[in-house]
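K.L.:
Mind having a look at this structure? Questions to follow.
Residue numbers (this note's numbering), protein chains in the order written: chain A, 3 to 342; chain B, 54 to 247; chain C, 68 to 386.
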């Protein structure tokens, strides 16, 4: 039996009240997992054993904590819907590969318990659980969370996890150089950035691998184009307008926007986090507003904020706006008369 | 005896932090370490007892129209006195608590007790209420601070517990919200409230 | 008639409160201001005294911590302790540069003092290693630091220097300058100026101490800087901060097994053009930044550097 992925094709999806059909959760999550395969493979290629370990620990901790919490509170254990696996894996994708494994496990537990279960489980959480986990880790162990491993090649000692060389992320370099594009352009080529050959989180570095996964989700109808396109488009436009005429770079006009798109967690944020069905608006208008708001926030945080990267916070902040956006862009009730 | 019943109620049934959810601003801000919590708790208790007593003494002469300004003046007097005394004789603690000692003036617990209890009861029971509510507030602060200090700094009363990598978030503001959320949930569950 | 009673009641309560408060203020204010002044004064003195104290630098005489008012050897020999002073250390350096002490300290520290005196008399130096115990060393250092004399000099924005006299800062044209906290007033108007404390040790002018106030990530960082007249930083002391715990607040962190904040200690002995962060700064310097707290590290470094630069501009020619 073909499960109806593309809900909008078949039903009218609207804001509450509505009947919740939980039997599609598993298939949707399965599609997300499939879409994550390229990014996971890229992380294995660039970061080796450490990447595998962090991902394994995150997924295991997420599944276990979900099962234990649901068991303890006499709820139906819904681990087999794979949502905990997706949360764990998405969290792992936002973590640095050199992170001690117990911190990764704590992140997963926090993501599941504080990010999801305290609100009543899947479907009731206001914030993206994976990003909640990441935000907590960043506040708790800032030193570990901002120590980045240099990407490597399979087979080297670093790939096997025996010794680890660290460096700054491209966005970190940009911030530390005081937004001096010339300095960064010398160190980071656009090709390395897009392919993922730079320091950074496990799954965030390879923009192309994530893009492939994102397009797969789009094709399967699990997500709609509104948020990714407006999110990425806003960042692109803003950096084109405000960073475009950078001096001393050969490809002065394109470098900053393309850099902003591929650097940090923007890609995975746009395709996997900001499209989370539970925590983002349901209406088209709401989604477009969500994407634009998140894009503006990312750019503001990167350019003016204290942190080099702002994707996590931008999505969490816009998550908080979701109910408001849903209310503003509520479709008209049948028979409702427009007020003149 | 009613005197002790009032004290006991102030600590348990009418616990201002966990049951009434009052005074959360100083609660969240100063519960970063147990030492701060005790200092803040003692300061607030002293102010509570003093203000409750005085408000209760003058309750029959205070005209209704100006009762809030009068209560605030009384409370502010006690707070300033406690603040200055603390600054002069416990400078280290005063430095840590910083702005939150003067801010006891606008702590809703103290004005709330003056309005809800002291202005309706005799001075004797008002003192009991001050003691009970004050101790309840202090215990709430200490409980919160214990979790936050142990998890967030790896210490208890400043002594190291051998925790190598404490979770910094617990002594930052988000940790305060998380902890108080879980504690309130626990007390509601344990108290059988729905 | 009806409206008068509320106003009267409020007035009566306010007056009584005011009376109570002014009484408490009278009691506590002197203590508070004295403590603040003492804290800064101690920090200032301790910064000027070098880590390794060479006794040949120190003129013979009697030094004490806290100040017990003992001036000469006769006073030292007849000193029998003082009521109300629980902890003190009295040092008499005689003309042969031999050290004698009288003290009242906790028992576990007392055994170190006798040993320290022996060792000091042998090597003619006071260092943490020779003292064998950090608290004892601090006591010695505090006592010795009482030999430092400060001359206050007010430097106005145009470079005019006014030395403090008995009546305060009196300008050439007889104008009186009043220093309140970090602000300078002249005839009730605020003027730009800064007070430098010129330190004299054994009659020789050795260094100057001044305050800089950089703004960190979330708070002001009032910092005392001690520098010699050729522009070498002797040491800095961050007087207060409220930066992020675990990040910026580590600027006052003391590592386990050490006694001084490692971040501030790095500044000792640096020249102006070395006071930069090792990385992420206009040019590479010698200050290692606090991990993940570039803003705080940079603020302190920049504040100290600019303070020293300004100091050299004002006093450099004299050096």
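No residue lacks a Cβ here, since even glycine has one placed at the ideal position from N, Cα and C.
Which partner residues of residue 87 of chain B appear in the DSSP bridge assignment?
P.N.:
Working through the second chain from its first residue, we reach residue 87 of chain B at position 34. Note: residue 87 of chain B sits in no beta bridge, so no partner.
K.L.:
Just the chain C side, please: which residues come within less than 7 Å of residue 114 of chain B by C-beta, in chain order?
P.N.:
On the second chain, residue 114 of chain B is found 61 positions in, with the first residue counted as 1. What residue 114 of chain B touches in chain C: 76.
K.L.:
Cβ closer than 8 Å: which chain A residues qualify as neighbours of residue 361 of chain C?
P.N.:
Taking the first residue of the third chain as position 1, residue 361 of chain C is located at position 294. Those are 178, listed as they occur along chain A.
K.L.:
Taking residue 293 of chain C as part of the alpha helix (DSSP H), name the residues at either end of that continuous run.
P.N.:
Position 226 of the third chain holds residue 293 of chain C. Segment 290 to 294 is the beta strand (DSSP E) holding residue 293 of chain C; no alpha helix (DSSP H) there.
K.L.:
Using the C-alpha atoms, what's the distance from residue 196 of chain A back to residue 291 of chain A?
P.N.:
Counting from 1 along the first chain, the entry for residue 291 of chain A is found at position 289. Counting from 1 along the first chain, the entry for residue 196 of chain A is found at position 194. When rounded, the distance between both Cα atoms is 27 Å.
K.L.:
Are at least three pairs of beta-carbons, each pair with one atom in the region 53 to 71 of chain A and one in the region 111 to 122 of chain A, less than 8 Å apart?
P.N.:
The answer is yes - the region 111 to 122 of chain A touches the region 53 to 71 of chain A, with three or more Cβ pairs under 8 Å.
K.L.:
Let me know if residue 140 of chain B comes out buried or exposed under the rule of 16 or more other beta-carbons within 10 Å of its beta-carbon.
P.N.:
By one-based count along the second chain, residue 140 of chain B stands at place 87. Buried, since its Cβ has 16 or more Cβ neighbours within 10 Å.
K.L.:
Counting contacts by CB-CB distance shorter than 8 Å, is residue 163 of chain B in contact with chain C?
P.N.:
Reading the second chain from its first residue, position 110 is the one you call residue 163 of chain B. So, not an interface residue.
K.L.:
If the cut-off is 9 Å on Cβ atoms, which residues from the region 139 to 156 of chain A count as contacting chain B, listed in chain order?
P.N.:
Listed by position, the residues of the region 139 to 156 of chain A near chain B (Cβ gap below 9 Å) are 139, 140, 141, 142, 143, 144 and 146.
K.L.:
Taking 8 Å as the threshold (beta carbon to beta carbon), is residue 121 of chain A in contact with chain B?
P.N.:
The residue you call residue 121 of chain A lines up with position 119 of the first chain. Closer than 8 Å: no.
K.L.:
Among all the DSSP beta bridges, which residues are the ones paired with residue 157 of chain C?
P.N.:
Your numbering for residue 157 of chain C matches position 90 in the third chain. Answer is C/131 and C/169.
K.L.:
So is residue 90 of chain C buried or exposed if we call it buried at 16+ other beta carbons inside 10 Å?
P.N.:
Here residue 90 of chain C corresponds to residue number 23 of the third chain, with the count starting at 1. Result: exposed.
K.L.:
Between which residues of its own chain and residue 221 of chain B is the CB-CB distance below 7 Å, once the five residues before and five after are set aside?
P.N.:
Indexing the second chain from 1 puts residue 221 of chain B at position 168. So the qualifying residues of the chain are 205.
K.L.:
May I have the straight-line CA-CA distance separating residue 110 of chain B from residue 83 of chain C, to the nearest angstrom?
P.N.:
Start at 1 with the first residue of the second chain, and residue 110 of chain B comes out as number 57. Start at 1 with the first residue of the third chain, and residue 83 of chain C comes out as number 16. Near 14 Å, if we compare the C-alpha coordinates of residue 83 of chain C and residue 110 of chain B.
K.L.:
Check residue 114 of chain B in the structure and name its three-state DSSP category.
P.N.:
Taking the first residue of the second chain as position 1, residue 114 of chain B is located at position 61. If DSSP states are grouped into helix, strand and coil, residue 114 of chain B belongs with coil.
K.L.:
Between residue 64 of chain B and residue 189 of chain B, which are expected to be in contact by the criterion C-beta below 8 Å, what is the C-beta distance as a whole number of angstroms?
P.N.:
Within the second chain, the letter at position 11 stands for residue 64 of chain B. Within the second chain, the letter at position 136 stands for residue 189 of chain B. Confirmed, Cβ separation roughly 4 Å.
K.L.:
Which residues, in order along the region 224 to 243 of chain B, keep a beta-carbon less than 7 Å from a beta-carbon of chain E?
P.N.:
Of the chains in the structure shown, none is chain E; the protein chains are A, B and C.
K.L.:
Given a threshold of 16 other Cβ atoms within 10 Å of its Cβ, counted over all protein chains shown, does residue 104 of chain C qualify as buried or as exposed?
P.N.:
In the third chain, residue 104 of chain C corresponds to position 37, counting from 1. With fewer than 16 other Cβ atoms within 10 Å, it is exposed.
K.L.:
Is the beta carbon of residue 128 of chain B closer than 8 Å to that of residue 164 of chain B?
P.N.:
As a first step, residue 164 of chain B must be located in the second chain, where it is residue number 111. As a first step, residue 128 of chain B must be located in the second chain, where it is residue number 75. In contact: residue 164 of chain B and residue 128 of chain B (Cβ atoms closer than 8 Å).
K.L.:
I'd like the list of long-range same chain contacts for residue 269 of chain C, defined as Cβ closer than 8 Å, with 5 residues on each side in sequence excluded.
P.N.:
Counting from 1 along the third chain, the entry for residue 269 of chain C is found at position 202. So the list reads 124, 125, 126 and 214, once near-sequence residues are dropped.
K.L.:
When you compare each of A/160, A/203, A/90 and A/308 to residue 315 of chain C by their alpha carbons, which one comes out closest?
P.N.:
Reading the third chain from its first residue, position 248 is the one you call residue 315 of chain C. Selected option, being the one with the closest Cα: A/308.
K.L.:
Using the beta-carbon count (16 or more within 10 Å), is residue 329 of chain A buried or exposed?
P.N.:
Walking along the first chain from the start, residue 329 of chain A turns up at place 327. Residue 329 of chain A is exposed by the Cβ-count criterion.
K.L.:
Compare the C-beta of residue 137 of chain B with all C-beta atoms of chain C and state if any pair is closer than 8 Å.
P.N.:
Within the second chain, residue 137 of chain B is the residue found at index 84, counting from 1. So yes, residue 137 of chain B belongs to the interface.
K.L.:
Beta-carbon of residue 314 of chain C versus every beta-carbon of chain A: anything under 8 Å?
P.N.:
Counted from its first residue, the third chain places residue 314 of chain C at position 247. It does: the Cβ of residue 314 of chain C has a partner Cβ on chain A nearer than 8 Å.
K.L.:
Taking just the CA atoms, how far does residue 322 of chain A sit from residue 234 of chain B?
P.N.:
In the second chain, counting from the first residue as 1, residue 234 of chain B sits at position 181. In the first chain, counting from the first residue as 1, residue 322 of chain A sits at position 320. If you take the alpha carbons of residue 234 of chain B and residue 322 of chain A, they lie about 18 Å apart.
K.L.:
Who are the Cβ neighbours of residue 54 of chain A in its own chain at under 7 Å, not counting the five residues just before and after it?
P.N.:
On the first chain, position 52 is the one that residue 54 of chain A refers to. Here the set comprises 46.
K.L.:
Using a Cβ-Cβ cutoff of less than 8 Å, which residues in the same chain neighbour residue 21 of chain B once the five nearest sequence positions on both sides are dropped?
P.N.:
Any property of residue 21 of chain B remains undetermined from this structure, which presents chain B solely from 54 to 247.
K.L.:
Name, please, each residue of chain A whose Cβ falls closer than 7 Å to the Cβ of residue 347 of chain C.
P.N.:
Sequence index remark: in the third chain, residue 347 of chain C carries index 280 (1-based). Those are 178, listed as they occur along chain A.
K.L.:
What are the boundary residues of the alpha helix (DSSP H) that includes residue 149 of chain B?
P.N.:
Here residue 149 of chain B corresponds to residue number 96 of the second chain, with the count starting at 1. Its alpha helix (DSSP H) spans residues 144 to 150.
K.L.:
According to DSSP, residue 126 of chain A sits in a beta bridge with which residue or residues?
P.N.:
Position 124 of the first chain, counted from the first residue, corresponds to residue 126 of chain A. Residue 126 of chain A pairs with nothing; no bridge assigned.
K.L.:
Could you check the C-alpha separation between residue 57 of chain B and residue 88 of chain B for me, to the nearest Å?
P.N.:
Sequence index remark: in the second chain, residue 57 of chain B carries index 4 (1-based). Sequence index remark: in the second chain, residue 88 of chain B carries index 35 (1-based). Using only the alpha carbons, I get a separation of about 27 Å.
K.L.:
When the cut-off is 8 Å and only beta carbons count, does residue 24 of chain A lie next to chain B?
P.N.:
On the first chain, position 22 is the one that residue 24 of chain A refers to. Its pLDDT being 46, under 50, residue 24 of chain A is placed unreliably in this model, and the coordinates cannot settle the point.
K.L.:
Going by DSSP, what residue range makes up the alpha helix (DSSP H) through residue 232 of chain C?
P.N.:
Taking the third chain and counting its residues from 1, the one referred to as residue 232 of chain C is at position 165. Element bounds for residue 232 of chain C: not the alpha helix (DSSP H) but the beta strand (DSSP E), 228 to 232.
K.L.:
Helix, strand or coil: which one does DSSP assign to residue 334 of chain C?
P.N.:
Working through the third chain from its first residue, we reach residue 334 of chain C at position 267. Note: residue 334 of chain C maps to coil in three-state DSSP.
K.L.:
What's the C-alpha gap between residue 105 of chain A and residue 365 of chain C?
P.N.:
Counting from 1 along the first chain, the entry for residue 105 of chain A is found at position 103. Counting from 1 along the third chain, the entry for residue 365 of chain C is found at position 298. In a straight line, the C-alpha of residue 105 of chain A is about 29 Å away from that of residue 365 of chain C.
K.L.:
Classify residue 207 of chain C: buried if its beta carbon has 16 or more other beta carbons within 10 angstroms, exposed otherwise.
P.N.:
Along the third chain, read from residue 1 onward, the residue named residue 207 of chain C stands at position 140. Answer is buried; the Cβ neighbour count reaches 16.
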